[in-house]
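Residue numbers (the working numbering): 499 to 688.
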């Protein structure tokens, strides 16, 4: 597993040591960032169900100024910290060891975020509820985007609150949804 773009392109990342973590493949990660084009990344990112931290670290490598990583599993959180240390990104990151649903139900002084990644475990029903909590809590800044990765058979709405589906792509058994937050939730942008 490696960083596929930006200033740290090619740098290797440490992988999971537990079977419960399913890192986003390099191929899918590169496709996700291609979907986020045009334009550079510059704001804050939130990586929910962070696993190895690969999506948030990729965002930092490509220009995001700061990232928050949320992961509940102690072993996975240790891998994220190790990856942040190896990439010398600790000053631009915050690691929160918490359940994503509980985190989304509470406050965060850094919200809203310009870019949010949601990569919940497959086939346990967290994709839809996580998207709903994200929209209800206004975690995505106006004009910002949320990227959700789930099993391809997951059924997600074209709209959740102010989040409007912009793109959906399939990669093997994985699907990626890109939502944009509109100013008032009535018109789509981008």
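Where a beta carbon is used, it is the ideal one built from N, C-alpha and C, also for glycine.
Predicted, not measured: the structure shown is a model, and the values here were computed from it.
| Asked | Found |
| --- | --- |
| With 16 as the cutoff for other CB atoms within 10 Å, does residue 687 come out buried or exposed? | Note on residue 687: pLDDT 40, under 50, position unreliable in the model; no value is reported. |
| So that I know if they touch, is there some Cβ in chain B lying closer than 8 Å to that of residue 635? | This model lacks chain B altogether; it includes just one protein chain. |
| Could you tell me if residue 646 is buried or exposed, where buried requires 16 or more neighbouring beta carbons within 10 angstroms of its beta carbon? | buried |
| Taking the beta strand (DSSP E) that residue 673 belongs to, which residues open and close that run? | 672-679 |
| Any idea what DSSP makes of residue 524, helix, strand or coil? | helix |
| Kindly indicate which three-state DSSP category residue 545 falls into: helix, strand or coil? | strand |
| Assuming the contact rule is C-beta atoms closer than 8 Å, residue 563 and residue 503 should be a hit. Round their C-beta distance to whole Å, please. | That pair is no contact at about 16 Å. |
| Scan the segment 557-587 and note each continuous beta strand (DSSP E) run of 3 residues or more that stays entirely inside, going in chain order. | 564-569 |
| Can you tell which of 621, 635, 630 has its C-alpha closest to the C-alpha of residue 672? | 621 |
| Do residue 558 and residue 552 come within 8 Å of each other at the CB atom, strictly closer than that value? | no |
| With C-beta atoms as the reference, is residue 533 less than 8 Å away from residue 614? | no |
| How big is the Cα-Cα spacing for residue 641 and residue 573? | 34 Å |
| Can you tell me the Cα-Cα spacing of residue 604 and residue 637, whole angstroms? | 11 Å |
| Per DSSP, residue 669 is paired with what? | 672 |
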